[in-house]
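Report on one structure; see the data block that follows.
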Amino acid sequence: MKTGEQFSIKQGNHFHRYLQYATGILSKYNGREPFHLYLKKYFSENKKHGSRDRKRITSLCYNYFRLGFSVSSSVEMEEKLLLSIFLIEKKSSVILEQLKPGWNQKIQQDISEKINEVKNIFAPEKIFPFSNELSDEINFQLFDLSFLIQPKLFIRIRPGYKNTVFDKLKAANISFEKISDSCLAFANTEKVSNIINIDKEAVIQDYNSQRVGDFLKSNILNLTSGISVWDCCAASGGKSILAYDLFKNINITVSDTRINILENLKKRFSKAGIRNYHSFIADLSAPCPTERINGGHSFDLIIADVPCSGSGTWSRTPEQMNYFSEKNIDNYSILQKKIVSNAVKFLNEEGYLLYITCSVFFKENEENVDFIQKNLNLKLIESKYLKGYEMQADTLFVALFKKSAFCN
-12 MKTGEQFSIK QGNHFHRYLQ YATGILSKYN GREPFHLYLK KYFSENKKHG SRDRKRITSL
48 CYNYFRLGFS VSSSVEMEEK LLLSIFLIEK KSSVILEQLK PGWNQKIQQD ISEKINEVKN
108 IFAPEKIFPF SNELSDEINF QLFDLSFLIQ PKLFIRIRPG YKNTVFDKLK AANISFEKIS
168 DSCLAFANTE KVSNIINIDK EAVIQDYNSQ RVGDFLKSNI LNLTSGISVW DCCAASGGKS
228 ILAYDLFKNI NITVSDTRIN ILENLKKRFS KAGIRNYHSF IADLSAPCPT ERINGGHSFD
288 LIIADVPCSG SGTWSRTPEQ MNYFSEKNID NYSILQKKIV SNAVKFLNEE GYLLYITCSV
348 FFKENEENVD FIQKNLNLKL IESKYLKGYE MQADTLFVAL FKKSAFCN
């Protein structure tokens, strides 16, 4: 056997091992924790993988999840992994070059051409399996195919730091796309946090999460200063920081269900320069005692970024789609109604409720808008989907309501 042939076999065996590692990881993962945390534990326990190995194995696993339910069950696991490289990657692959050179030669083709190449084993319309629950406002074909594309990383430059951020990015020779004066987009793998002081100078925040601010500004003209805001499902506080940057002399109250969430939020607020705020633990799936919330006072604006399926963000975390149960859509919809019903009791007359989900399901969005109007004495000002599937961003649903004594 010639030396070149021996080298080729050795290389082929090496890349087969990548497929075997990925197959082993995927076979043991059960979806009960975010996949990036599961991978972190795996690599911590398996020190044999170098940085290049970790990167390739990680890419294989996430590519696999992006296929959703589109691949014939008769296709072997390693073949699915190779298929995922072919459909999702755009540059020549060293793995395909060794194991599927015919596919590698066509990897730079348009996605429609690549799909046609593998139509005997790949059904694109089956990537996203919950089309019957989808809102009519969502373009199913575009949304479905968006899973084959990794979303971008977006940041929002905070007021007063525009020149600082641009100077740092220029000095570090970091490529980016300018979406607006305050919104920049990067490749998902870019280590922006190593360059910019995150939360002080800029916030890592998806494009459509940033657009929530524009949605507020265009609809709330009478709230200018000294307003009281309650972020009732605050999580890491991204929407509160956005409100803080939008409105002057804002009085912020935040709540969530667990103390560790609020502790993490406290650290983030400190970096963001937010010192004076009120926080408390609250499970709004049940009524909350009046005295615990803002000392019994009501609010000008309640932000309800409610727990949801997260289906509008699944192209960012595709493993969640693969382990999601359709029955949970009803469970989320019921929970969302409870949270909003208990929160709006603390809304001022002429106050506003901002309802937000990162879901594309009708029951979590339009159905709940109808419930809020009919049962909670609130008037709908505007509702819309902030669609991200055409620009590698998340898809959100937002609805703004106003309380009035004259609402029917």
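Residue -5 in this note's numbering sits at position 8 of the sequence shown, with consecutive numbering throughout.
Glycine included, every Cβ here is placed at the ideal spot set by N, Cα and C.
Euclidean distance between Cα positions of residue i and residue j
{"i": "K366", "j": "N335", "result": "14 Å"}
{"i": "K87", "j": "G147", "result": "51 Å"}
{"i": "Q7", "j": "E124", "result": "41 Å"}
{"i": "V105", "j": "R39", "result": "29 Å"}
{"i": "S320", "j": "P294", "result": "9 Å"}
{"i": "S328", "j": "N236", "result": "28 Å"}
{"i": "A158", "j": "K165", "result": "17 Å"}
{"i": "I102", "j": "E354", "result": "35 Å"}
{"i": "S223", "j": "I185", "result": "13 Å"}
{"i": "R41", "j": "T151", "result": "34 Å"}
{"i": "S167", "j": "S242", "result": "31 Å"}
{"i": "D292", "j": "N247", "result": "18 Å"}
{"i": "N33", "j": "V331", "result": "50 Å"}
Exposure label - residue i; buried when at least 16 CB within 10 Å
{"i": "R303", "result": "buried"}
{"i": "E377", "result": "exposed"}
{"i": "T382", "result": "buried"}
{"i": "V199", "result": "buried"}
{"i": "G55", "result": "buried"}
{"i": "K390", "result": "buried"}
Contacting residues, own chain, Cβ-Cβ under 8 Å from residue i (five flanking each side not counted)
{"i": "D131", "result": "P111, E112, I114, F115, S118"}
{"i": "S346", "result": "C295, S296, G297, S298, G299, Y319, N352, F384"}
{"i": "V397", "result": "Only positions -12 to 395 of the chain appear in the structure, and residue 397 is not among them; the question remains open."}
{"i": "Q192", "result": "F141, I142, R143, G225, L229"}
{"i": "L387", "result": "F202, L203, N206, I207, Y339, L340, L341, Y342, L367, I368, E369, S370"}
Best match in the options for proximity to residue i [C-alpha to C-alpha]
{"i": "K187", "options": "I237, D218, R255, I280", "result": "R255"}
{"i": "T244", "options": "G225, L229, G260, A221", "result": "A221"}
{"i": "L229", "options": "F173, H1, Y194", "result": "Y194"}
{"i": "S180", "options": "K27, R19, L156, V199", "result": "L156"}
{"i": "H3", "options": "F348, E65, K77, L74", "result": "E65"}
{"i": "I316", "options": "K350, S57, G375", "result": "K350"}
{"i": "F348", "options": "L121, F163, I183, H284", "result": "L121"}
{"i": "K77", "options": "F267, S60, V58, S99", "result": "S99"}
{"i": "F358", "options": "K390, A380, K324", "result": "K324"}
{"i": "E337", "options": "S285, N362, I326", "result": "S285"}
Beta-carbon contacts of residue i that lie in its chain and below 6 Å, excluding the five residues immediately before and after
{"i": "Y239", "result": "For the sequence presented, residue 239 should be read as Ile rather than Tyr. Answer for I239: V216, S227, Y264, listed in chain order."}
Close beta carbons around residue i, own chain, < 7 Å, minus the five adjacent residues each side
{"i": "R43", "result": "Y5"}
{"i": "F52", "result": "P305, E306, N309"}
{"i": "A79", "result": "Correcting the residue identity first, residue 79 is Ser in this sequence and not Ala. Answer for S79: N91, I94, listed in chain order."}
{"i": "C275", "result": "A269, N329"}
{"i": "C170", "result": "F141, R143, Y194, Q197"}
{"i": "N0", "result": "none"}
{"i": "S59", "result": "I108"}
Item to complete: Could you name each continuous alpha helix (DSSP H) segment of 4 residues or more that falls completely within the segment 104 to 153, going from the start of the chain to the end?
Response: 127 to 132
Worksheet entry | Whole runs of the alpha helix (DSSP H) within the segment 61 to 104, excluding any shorter than 4 residues | 64 to 75, 81 to 86, 88 to 92, 98 to 104
Worksheet entry | Segments assigned beta strand (DSSP E), at least 3 residues, entirely inside the segment 209 to 247 | 215 to 218, 238 to 243
Worksheet entry | Uninterrupted beta strand (DSSP E) stretches inside the segment 279 to 335 (no shorter than 3 residues) | 286 to 292
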